[in-house]
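Reading through the structure tokens given below for one structure.
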Amino acid sequence: MDPVHMLLELQEHDLAIVRYNKQLDEMPEKRAILAARAKIGDITKLKERTDAVVRHLEAGVRTIEDSIAQVKGKMESEQAKLVSGEINSPKELQAVSHELDALRRRVEHLEGQELSEMEKREGGAAQAAKIDAALAEGARRETELTDRFKARGGELLAHIKQEQATRSALFASLPADLAAKYATLQAAHHGTAVGVLAEGMCSACRVGLPSTKVQRLEEGPDVALCPNCGRILIVRGA
């Protein structure tokens, strides 16, 4: 195949790859997957904050439980004094009785705090369970969308793979200098590196060229550069 037809065919394959990739990017499933992943990210952050709160509440409950155990231990010690018969002084008996009353009030206060903290912990745990359920649903939704994307996008991916294989073979067959020029122009012009001279106009930039430039192009080689956009210009043989 001559360089002119190789260039034109190469560009056809490159533009086909661009079209197929655009179709992939515009698939509603792809946008839905990105939205689902963003939502999962937000829920994950909420879960981290909620788990931290629940851990803090659990630590608070354990601290209160330890305090209650300590106070009850002291109460048992004071009650042991009363029943031991070691204390005979009415004044000392009254002091121990007052101490026990104070300790009972302290236990009641701590148990009230414990109940309040346990209710908060249970509320936090319930919220964490809802978040876990939302994460599970988000993961299920993402998997469903991904499967649909793979099923519907599989044909497009197969087309892209085929186009890329053909394109690679063509590109490798081009003369090295022409291949390098093509690659540079393709990157600079969003995939369109080649134009065809037709009716005094470059088909790539759609700009009409002065007749003197057209004449010089027609008198030159089959492949030149567009004087306007700088792309490879097929003068004849297309």
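Under this note's numbering, read the sequence shown as residues 546 to 783, first letter to last. For each residue, glycine too, the CB sits at the ideal point set by N, CA and C. Source: prediction; values computed, not measured.
Beta-carbon gap between Leu-560 and Gly-736 smaller than 9 Å: As a working mapping, residue 560 is identified with position 15 in the sequence shown. As a working mapping, residue 736 is identified with position 191 in the sequence shown. Contact flag set, yes.
Reduced DSSP category for Gly-641 - H, G, I as helix; E, B as strand; rest coil: Within the sequence shown, the letter at position 96 stands for residue 641. Going by the sequence as given, residue 641 is Val instead of Gly. It is helical.
Counterpart residues of Val-739 in DSSP-defined beta bridges: For the purposes of this step, residue 739 is taken as the residue at position 194 of the sequence shown. Bridge partners of Val-739: Ile-777.
Opposing strand residues paired with Val-768 [DSSP bridges]: Translated into the one-based positions of the sequence shown, residue 768 becomes position 223. The partner list for Val-768 (beta bridge, DSSP) reads Ile-779.
Where Gly-839 falls: helix, strand or coil (DSSP): Not covered by the structure: residue 839. The range shown for the chain is 546 to 783.
Nearest neighbour of Ala-670, chosen from Leu-723, Arg-600, Leu-648 [CA to CA]: As a position in the sequence shown, residue 670 is number 125, starting the count at 1. Closest option to Ala-670, Cα to Cα, is Arg-600.
Through-space distance from Pro-720 to Tyr-803, alpha-carbon basis: Coverage of the chain is limited to positions 546 through 783, which leaves residue 803 absent and any answer about it impossible.
From Gly-618, Met-572, Leu-553, residue whose alpha carbon lies closest to that of Arg-693: As a first step, residue 693 is located in the sequence shown; it is residue number 148 there, counting from the start. Taking only the C-alpha atoms, the option nearest Arg-693 is Met-572.
Meets three-Cβ-pair contact criterion under 8 Å: the segment 625 to 641 and the segment 571 to 586: Three or more Cβ pairs closer than 8 Å define a contact, and the segment 625 to 641 falls short of that threshold against the segment 571 to 586.
Cutoff 8 Å; reference Val-616; Cβ partners in own chain excluding five residues on either side: Taking the first residue of the sequence shown as 1, we reach residue 616 at position 71. Around Val-616: Leu-648, Arg-651, Val-652, Leu-655.
Close-in-space but distant-in-sequence residues of the same chain around Ile-676 (CB under 7 Å, 5 per side omitted): Stepping through the sequence shown from its first residue, residue 676 is reached at position 131. The answer, listed in chain order, is Ile-588, Leu-591, Lys-592, Thr-595.
Beta carbon of Leu-742 nearer than 9 Å to that of Glu-708: Position 197 of the sequence shown holds residue 742. Position 163 of the sequence shown holds residue 708. Their beta carbons are not under 9 Å apart, which means Leu-742 does not touch Glu-708 by this criterion.
Option nearest Arg-607 by Cα separation, candidates Gly-698, Leu-660, Ile-705: Start at 1 with the first residue of the sequence shown, and residue 607 comes out as number 62. Looking at the Cα atoms, Leu-660 is the closest of the given residues.
Proximity test, Glu-667 beta-carbon vs the ligand SAM heavy atom, cut-off 8 Å: What this structure holds is no ligand at all, so the ligand SAM is not there to describe.
His-643 versus Leu-627: straight-line alpha-carbon distance, rounded: By one-based count along the sequence shown, residue 643 stands at place 98. By one-based count along the sequence shown, residue 627 stands at place 82. Cα to Cα, His-643 sits roughly 12 Å from Leu-627.
Integer Cβ distance of Ile-578 from Leu-690, believed to fall under 8 Å: To locate residue 578, count along the sequence shown from 1; it is residue 33. To locate residue 690, count along the sequence shown from 1; it is residue 145. About 5 Å; that satisfies the 8 Å criterion.
Residue range of the alpha helix (DSSP H) that includes Met-546: Within the sequence shown, residue 546 is the residue found at index 1, counting from 1. First-last for Met-546: undefined, no H or E at that position.
Separation of Glu-744 from Arg-751, as counted between CA atoms: The sequence position of residue 751 within the sequence shown is 206, counting from 1. The sequence position of residue 744 within the sequence shown is 199, counting from 1. Cα to Cα, Arg-751 sits roughly 11 Å from Glu-744.
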